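Count along the sequence shown from 1, add 8, and you get the number used in my numbering.
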Amino acid sequence: MFIDLIWETVKVNLDKDLRTEWPWRFALLEPSTCAAIVTLLVGVIVTRAQLSMTMHPVLSWTAGPWRSDALAEPKRTVRIVNGGGGRSVVRSVRYRLQVNQTQSSGTEVPTGWCSWQEAVGALNRAGLVWMDDYFLAHIGSGASIPMTTDTRQGMEILALGANAVGRLSRIDVRLQVVDVLGDVYQRDLNCIRPAPTALQ
9 MFIDLIWETV KVNLDKDLRT EWPWRFALLE PSTCAAIVTL LVGVIVTRAQ LSMTMHPVLS
69 WTAGPWRSDA LAEPKRTVRI VNGGGGRSVV RSVRYRLQVN QTQSSGTEVP TGWCSWQEAV
129 GALNRAGLVW MDDYFLAHIG SGASIPMTTD TRQGMEILAL GANAVGRLSR IDVRLQVVDV
189 LGDVYQRDLN CIRPAPTALQ
């Protein structure tokens, strides 16, 4: 449509006799019709962009030694919220782990990003006990991230006890969500990171 509108605009500015010759006599749509369609398309694009900005999910997370709904004595609890204007539905969740080898020598850990089942299996092989040393929420596709700016009301996705904090040097969570328009957003949560070399 844009190309056709440019074509018709160029033709209008040509000599009248030249417009009757090939290829200038070729016409797909009348100039007024083409202009109306282009205007409509531009309006749709601008409206969608504005709606996308309004409904954009804002994934925010916090981690600290706070109360957990899963563990009695947590040393680190991670919660996530959606502080944006529109809903966010989970598309996929992946995990990346690193075990402190001085605490759990020889423990097999998946390289790169892994599934919830693989992450839980690695934590169990590291000698950690589910719902005692750690809690890792199984967030399935289609789950909704709570819309609030109060992180205390957020979704608890991870809780670690003292034993888990001592044995783990890294836990990252990669979360992909979809908004009401079908746009995909990704957020990496660095729940535990390795200490800088100077501090080790």
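No residue lacks a Cβ here, since even glycine has one placed at the ideal position from N, Cα and C.
Computed from a predicted model, the values in this text were never measured in an experiment.
Of the residues the options, which one's Cα is nearest the Cα of residue i?
i              : options                           : result
serine 149     : Ser123, Val50, Ala80 and Val98    : Val98
isoleucine 5   : His64, Val50 and Ala71            : Residue numbering for the chain in the displayed model covers 9 to 208; residue 5 lies beyond these limits and cannot be assessed.
valine 86      : Tyr193, Pro65 and Arg75           : Arg75
valine 181     : Glu81, Arg201, Asp191 and Met139  : Arg201
glutamine 161  : Ser68, Asp196 and Ile179          : Ser68
arginine 195   : Glu81, Val128 and Ile153          : Ile153
alanine 145    : Val101, Met155, Val173 and Gln184 : Val101
glycine 93     : Val173, Leu183 and Thr156         : Thr156
glutamate 81   : Ala151, Gly91 and Asp140          : Asp140
isoleucine 147 : Asp191, Gly190 and Ala127         : Ala127
tryptophan 138 : Thr41, Ala172 and Val186          : Ala172
glycine 174    : Leu136, Gln184 and Val185         : Leu136
glycine 91     : Cys199, Met163 and Ile45          : Met163
In the DSSP output, what is residue i paired with across the bridge?
i              : result
glutamate 164  : Arg87
aspartate 196  : Arg182
methionine 155 : Asn90
valine 101     : Leu183
glutamine 109  : None, per the DSSP bridge assignment.
tryptophan 138 : Tyr142
In terms of residues, what are the limits of the alpha helix (DSSP H) holding residue i?
i              : result
glycine 174    : 170 to 175
leucine 79     : Looking at the DSSP string, leucine 79 is not in any alpha helix (DSSP H), and its letter there is neither H nor E.
tryptophan 124 : 124 to 133
For residue i versus residue j, is the C-beta distance shorter than 9 Å?
i             : j              : result
proline 118   : alanine 130    : yes
tyrosine 103  : cysteine 122   : yes
leucine 48    : alanine 167    : no
valine 50     : aspartate 158  : no
leucine 176   : asparagine 108 : yes
arginine 95   : proline 73     : no
glutamine 125 : isoleucine 179 : no
lysine 83     : alanine 151    : no
Between which two residues does the beta strand (DSSP E) harbouring residue i extend?
i           : result
alanine 145 : Alanine 145 -> no beta strand (DSSP E), and no H or E assigned at all.
serine 96   : Looking at the DSSP string, serine 96 is not in any beta strand (DSSP E), and its letter there is neither H nor E.
serine 68   : 67 to 72
Less than 8 Å separating the Cβ of residue i from some heavy atom of the ligand GTP?
i            : result
tyrosine 193 : In the structure shown, the ligand GTP is absent, as is every other ligand, since no ligand is present at all.
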